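S.K.:
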Amino acid sequence: MDYRGEHGRRGISRISITVILRQCVLWCVFVVLVASAFNHFINPHFYDKMIPSFLPPLLVNFAAGIVEALIAVLLVFPRYRSAGGLAFLLLMVAFLPIHLWDLIRDDPAVGSTVAAVLRFVMQYVLIYIGYVLWKTREESYGGKSSQDTARSLPL
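Our numbering puts the first residue of the sequence shown at 19, with every later residue one more than the last.
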């Protein structure tokens, strides 16, 4: 079977590569959020060193786990994906001061100053990913546009 892309060229079109990439990023974020949420409940003491001493660690752990799980659920459903992207972006912004605090500590919670720098830089990448998830329209994930969905509804 000869598949021709968007401009008649053979192979996968540029658009389908973008859709595949967006789907991969979306599901990677979903998996990381679910794994992290479960870890907050299964192994809450793992995060104790990362939580500033003036905050109650158990409460912060459970709250973070609940929020991460809720965001993951929002990302699964196309109707709520944009809200999930915005919530993910805001959560990553909320975690930024903690990563900065860890970066300037004498003994970073992640083990070394290099790891703390990498984690701090990665936080900006995650914020950008949250922005993209928030602003990307559903058809960019390979789904139907809202007009197509509205036309297919039995009214």
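Ideal Cβ positions, reconstructed from N, Cα and C, are used throughout, including at glycine.
Given the structure is predicted, the values throughout are model-derived calculations rather than measurements.
Under the three-state reduction of DSSP, which class applies to L109: helix, strand or coil?
M.R.: helix
S.K.: Determine the extent of the alpha helix (DSSP H) in which L93 is found, giving its start and end residues.
M.R.: Its alpha helix (DSSP H) spans residues P75 to V94.
S.K.: Is DSSP giving P70 helix, strand or coil here?
M.R.: coil
S.K.: Could you tell me if V143 is buried or exposed, where buried requires 16 or more neighbouring beta carbons within 10 angstroms of its beta carbon?
M.R.: exposed
S.K.: Grab me the residues of P172's own chain with a C-beta within less than 6 Å of its C-beta, minus the 5 sequence neighbours each way, in chain order.
M.R.: Here P172 scores only 35 on pLDDT, less than 50, and its place in the model should not be relied on; the value that follows carries that caveat. Nothing listed; no residue qualifies.
S.K.: When you compare each of F72, P74, H58 and A134 to E86 by their alpha carbons, which one comes out closest?
M.R.: H58
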